[in-house]
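> Let me begin by handing over the structure; questions about it come next.
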């Protein structure tokens, strides 16, 4: 840790790691409280009157009052929020009107599909985007650099739901290379026992390779759409991180020592970029988890995004808020985890 | 020729005679840097075209984009209907032209809400410091940590679908980076000598923030805003696509894709063309933003 050996030993709770961890926990809980407070406001305060929404405007005053008491709306706002918060902490998001089941059960059922989609897209984005970014930095100002920049710009600017539709039109309707929307062919549905809920893993574990292939083919297009955005961002950031490193003196030293260009780039410069990339990849993964809403709608992908939008059109507020909170927690969690990892791995941030 | 030469000399003179001349000079020099950057210029041309099209919409079209000619439904692109017609026999070209007004309306409304809020919170936090800074920045961080699209979705679902509510939802999820930037700027400005001078003259904190700190934050705000425009357009289009943004018959591009979805396989132009319009405009804003960053904020150029 580079602490001065002559300094008096400090108590264990003053240890930099413990302090950092405490700060981390504080930030996490604050953000969680903020997240729940805002969804609480959206769900309970903004709609003109939840009790009225349930009983209808022709209900008698007594029925209306009873519903208000039943929903706890007669209590002070702060107390309502406290009840809401403790329910969430116990995993109780209420019951979905649409599926008549606890919202948490629904979320557990729908979430793996989103996880599968976002994970594959992130992996693809990393394995294509990182080399692209490195290449662009090495060939700064040359044609390769401009091509990478244009691809990145396209990824940023394109409406993802539209790109998905065009891809379906070309690769499904015209060329028939991939199957249509959905996660798997109907006749394969339910054959593989759901263990993790991620079809690729479940089918591979049970040796159902035919189903694995079918699921994979279904996954290619939607994952490619999300990966377009992911690789645009990752390539751009990798490029700018690499440029920072390549302009530093240790790179010059390595070159003067007579190292091959490949060794300079990959063993020296790239190694220092890796740490910064952790944060970027975490950010990308988190944004894909939430960004999959539109992609899921286009590809009829039964994930959390589709669950939220479907519930939304059925005025199923419990489901919408529950889904929002869960996605929000994942989003915040991944961001903070990557930030924390970054501090842990980077020797400069540790000091 | 001589007038253009004297104008040039006036713009490049070493010793400007007035504040007005100095301001013109800065603008001219910025423009020269900007002009030499082909990518930024491309963005500028796209956005200038968008503005012109929106302004001249009544001249460029014969109807207001809602005229239905049911005998002409789903016509492919042709000389009489450049981009074809949709399922109600409306000319898609005219709807794209009028849709540019909707897009500009959305982005300018978001900008008008977001920039003052971000500026105010950021400059107050940065200038005042202490617990005020802590409180405001924690609040900003909470919003910064949110998933934007999902929050906008939940917000619109609570308020009910519609253009104005979509704008509010987008604004709610967009203001936080502006506050962060304004704070960072205010922190560096706060200790500069002209602020010191104003304080010694007895100016109140509010006066200093509004008259001396805010103007200096504007250029980085403009850069950030331009770079954010594409994101705003895409979010608005996404909300429109889900049926939560602009409502029919308003020719919003995202909503046009949404209704055109059913005709994708047989009448591809119905959903495809509005998508191209969104792509071009958001790309224009991204290009322009990159260029503006190089001109206005040379420090952060990558």
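Protein chains in written order, with the numbering used here: chain A, 218 to 568; chain B, 44 to 345.
Don't be surprised by glycine CBs; every beta carbon is placed ideally from N, CA and C.
Output the distance between the C-alpha atoms of residue 179 of chain B and residue 173 of chain B, rounded to the nearest integer angstrom.
If I take the Cα positions, the gap works out to 10 Å.
> Closest to residue 520 of chain A by C-alpha separation, out of A/324, A/404, A/503, A/319, would be which residue?
Selected option, being the one with the closest Cα: A/324.
> Which complete beta strand (DSSP E) runs does the segment 296-333 of chain B hold, if anything under 3 residues is left out?
Listed in chain order, nothing qualifies, since the segment 296-333 of chain B has no complete beta strand (DSSP E) run of 3 or more residues.
> Just to confirm the assignment, what range does the alpha helix (DSSP H) spanning residue 349 of chain A have?
320-355 is the extent of the alpha helix (DSSP H) around residue 349 of chain A.
> Using the rule of at least 16 other Cβ atoms within 10 Å of the residue's Cβ for burial, across every protein chain shown, is residue 220 of chain A buried or exposed?
With a pLDDT of 44 at residue 220 of chain A, under the threshold of 50, the modelled position of this residue cannot be trusted; read the value that follows with caution. By the 10 Å Cβ count, residue 220 of chain A comes out exposed.
> Take residue 411 of chain A and list the residues in its own chain whose beta-carbon comes closer than 7 Å to its own, dropping the five residues that flank it on each side.
Closer than 7 Å at the Cβ level, and outside the excluded window around residue 411 of chain A, lie 419.
> What span of residues does the alpha helix (DSSP H) with residue 285 of chain A cover, start to end?
Residues 278-288.
> Among A/356, A/534, A/405, which has the Cα closest to the Cα of residue 460 of chain A?
Looking at the Cα atoms, A/356 is the closest of the given residues.
> What would DSSP say about residue 496 of chain A, mapped onto helix, strand or coil?
Helix at residue 496 of chain A.
> Residue 92 of chain B by DSSP, collapsed to three states: which one?
It is helical.
> For residue 278 of chain A, is the classification buried or exposed, using 16 other Cβ atoms within 10 angstroms of its Cβ as the cut-off for buried?
With fewer than 16 Cβ atoms within 10 Å of its Cβ, residue 278 of chain A is classed as exposed.
> Counting only beta-carbon separations shorter than 8 Å, does residue 236 of chain A have a partner in chain B?
It does not: the Cβ of residue 236 of chain A has no partner Cβ on chain B nearer than 8 Å.
> Shorter than 8 Å from the beta carbon of residue 379 of chain A to some beta carbon of chain B?
Yes, because at least one Cβ of chain B sits closer than 8 Å to the Cβ of residue 379 of chain A.
> For residue 158 of chain B, collect the residues of the same chain with a Cβ closer than 8 Å to its Cβ; drop the 5 residues on either side in sequence, then sort them by chain order.
Here the set comprises 221, 264, 268.
> With the cut-off set at 8 Å, would you say residue 529 of chain A and residue 200 of chain B are in Cβ contact?
It is a contact, given that the beta carbons lie within the stated cut-off.
> Which of helix, strand or coil does DSSP assign to residue 128 of chain B?
Residue 128 of chain B falls in the strand class under three-state DSSP.
> Between residue 525 of chain A and chain B, is there a C-beta pair that is closer than 8 Å?
True, the Cβ-Cβ gap to chain B drops below 8 Å.
> To the nearest angstrom, how far is it from the Cα of residue 218 of chain A to the Cα of residue 462 of chain A?
Residue placement at residue 218 of chain A cannot be trusted, given a pLDDT of 41 that sits under 50; what the coordinates show is reported in the next sentence. Straight-line Cα distance between these residues: approximately 24 Å.
> Provide the residue(s) that pair with residue 312 of chain A in DSSP beta bridges, ordered along the chain.
A/319, per the DSSP bridge assignment.
> How long is the line joining the alpha carbons of residue 110 of chain B and residue 214 of chain B, rounded to whole angstroms?
Going from the Cα of residue 110 of chain B to the Cα of residue 214 of chain B covers about 32 Å.
> Taking the straight line between their C-alpha atoms, what separation do you get for residue 275 of chain B and residue 146 of chain B?
Roughly 10 Å between the two C-alpha positions.
> What does DSSP give as the partner residue(s) for residue 406 of chain A in the beta ladder?
Residue 406 of chain A is not bridged to any residue.
> Give the C-beta separation of residue 183 of chain B and residue 223 of chain B to the nearest angstrom, bearing in mind that I take them to be a contact with Cβ-Cβ under 8 Å.
Between residue 223 of chain B and residue 183 of chain B the Cβ distance is about 6 Å, and since that is below 8 Å, they are a contact.
> According to DSSP, which residues form a beta bridge with residue 134 of chain B?
Residue 134 of chain B is bridged to B/128.
> Which complete alpha helix (DSSP H) runs does the segment 443-529 of chain A hold, if anything under 4 residues is left out?
466-473, 487-516, all fully within the segment 443-529 of chain A.
> For my contact list, residue 84 of chain B and residue 113 of chain B are in at a C-beta cut-off of 8 Å; report their separation, rounded to the angstrom.
Actually they do not touch by this definition, with Cβ atoms about 44 Å apart.
> Identify the continuous alpha helix (DSSP H) that holds residue 253 of chain A and give its terminal residues.
First-last of the alpha helix (DSSP H) with residue 253 of chain A: 233-257.
> Is the beta carbon of residue 542 of chain A sitting closer than 8 Å to the one on residue 316 of chain A?
Against a cut-off of 8 Å, the Cβ pair of residue 316 of chain A and residue 542 of chain A comes out as no contact.
> Could you tell me the alpha carbon to alpha carbon distance between residue 484 of chain A and residue 252 of chain B, rounded to whole angstroms?
Approximately 49 Å, taken between the alpha carbons.
> To the nearest angstrom, report how far apart residue 322 of chain B and residue 90 of chain B are at their CA atoms.
Straight-line Cα distance between these residues: approximately 12 Å.
> Buried or exposed for residue 294 of chain B, please, with buried defined as at least 16 other CB atoms from any protein chain shown within 10 angstroms of its CB.
Classification for residue 294 of chain B: buried.
> The segment 266-281 of chain B: which residues have C-beta closer than 9 Å to a C-beta of chain A, in chain order?
The segment 266-281 of chain B vs chain A, Cβ under 9 Å: 273, 274, 276, 277, 280, 281.
> Whole-angstrom Cβ separation of residue 353 of chain B and residue 127 of chain B, contact assumed at under 8 Å?
The requested residue 353 of chain B does not occur in the structure, where chain B is confined to residues 44 to 345.
> Using the Cα positions of residue 47 of chain B and residue 240 of chain B, report the straight-line distance between them to the nearest angstrom.
Those two C-alpha atoms are separated by around 40 Å.
> Measuring CB to CB, does residue 273 of chain B end up less than 8 Å from residue 219 of chain B?
No, these two residues do not count as a Cβ contact at 8 Å.
> So, at 7 Å on beta carbons, what are the nonlocal neighbours of residue 271 of chain B in its own chain, with the 5 sequence-adjacent residues on each side left out?
Answer for residue 271 of chain B: 217, listed in chain order.
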